[in-house]
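Below: the structure, in structure tokens.
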Amino acid sequence: MNVYDLDKTLDWLESMELDEETLRDTIESVVEEADIKRLMNNVAWANSNDKALKDAAKTQKDKMTDKIRSAEKRIERRNEVAFRVLSRLEEHKLKTEEYSFWVQKNPVKIEYDEQAIPDEYFKMVRELDKDAIKKALKDGIEISGVSQTQTEGVRIR
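Numbering follows the UniProt record's numbering, with no gaps: position 11 of the sequence shown is 11.
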């Protein structure tokens, strides 16, 4: 039996119409038979393996992101040099057996000084102030549209 099977069995038992004492005894018996310590150790072991896998994947992702960034910078530098060279030619064009090169105007680039731009050109974004809501709830203020729930979770050391 694995932890998923145990969970399903316990759900099934709880759905039966048993009196409280019978239900408790039956659950205890099933849990004892299932070797819950072994099952929980398996959960912790699997979590540790998945965490190591996640960390390794993140490290690889970061390395690949760095490689992408480096390749993009190399492409940009080569294009800048090619632009400077072509700009010095009379026609700003060059054709080889494999490629054609030419200088062309880019789309107009708009630069913004946000401090100098009038308010009418800004979008106003409605955003919840969750910290203010938490403080108000802590102070005992009721807010419509806000509810609190207390959940529980497993911690493994």
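Note that CB positions come from ideal geometry on N, CA and C, so glycine has one too.
In its own chain, which residues sit with a C-beta less than 8 Å from the C-beta of residue i, not counting the 5 before and 5 after it?
| i | result |
| --- | --- |
| Leu13 | Leu23, Thr26, Ile27 and Val30 |
Closer than 8 Å to a non-hydrogen atom of the ligand SAH - does that hold for the CB of residue i?
| i | result |
| --- | --- |
| Glu97 | This structure does not include the ligand SAH; it has no bound ligands of any sort. |
Going by DSSP, what residue range makes up the beta strand (DSSP E) through residue i?
| i | result |
| --- | --- |
| Ser100 | Ser100 to Trp102 |
Report all residues from its chain with a CB closer than 6 Å to the CB of residue i; omit the five preceding and five following residues, and keep chain order.
| i | result |
| --- | --- |
| Leu94 | Phe101 |
Locate the alpha helix (DSSP H) running through residue i, then write down its first and last residues.
| i | result |
| --- | --- |
| Tyr4 | Val3 to Ser15 |
| Leu137 | Lys130 to Lys138 |
Could you say which of the options lies nearest to residue i if we only look at CA atoms?
| i | options | result |
| --- | --- | --- |
| Arg155 | Met16, Asn47 and Gly145 | Asn47 |
| Glu91 | Glu98, Phe83 and Glu97 | Phe83 |
Self-check item: the segment 2-17 touching the segment 36-49, judged by at least three CB pairs closer than 8 Å
Solution: The segment 2-17, when compared against the segment 36-49, does touch it at the 8 Å Cβ threshold.
Practice problem: Specify whether the segment 81-91 and the segment 100-112 touch according to this definition: at least 3 beta carbon pairs, one from each stretch, less than 8 Å apart. | Solution: With the rule of 3 Cβ pairs closer than 8 Å, the segment 81-91 counts as touching the segment 100-112.
Practice problem: Return the chain-ordered ranges of every beta strand (DSSP E) run that is complete within the segment 49-97 and spans a minimum of 3 residues. | Solution: Segments of the beta strand (DSSP E) lying fully in the segment 49-97: 93-95.
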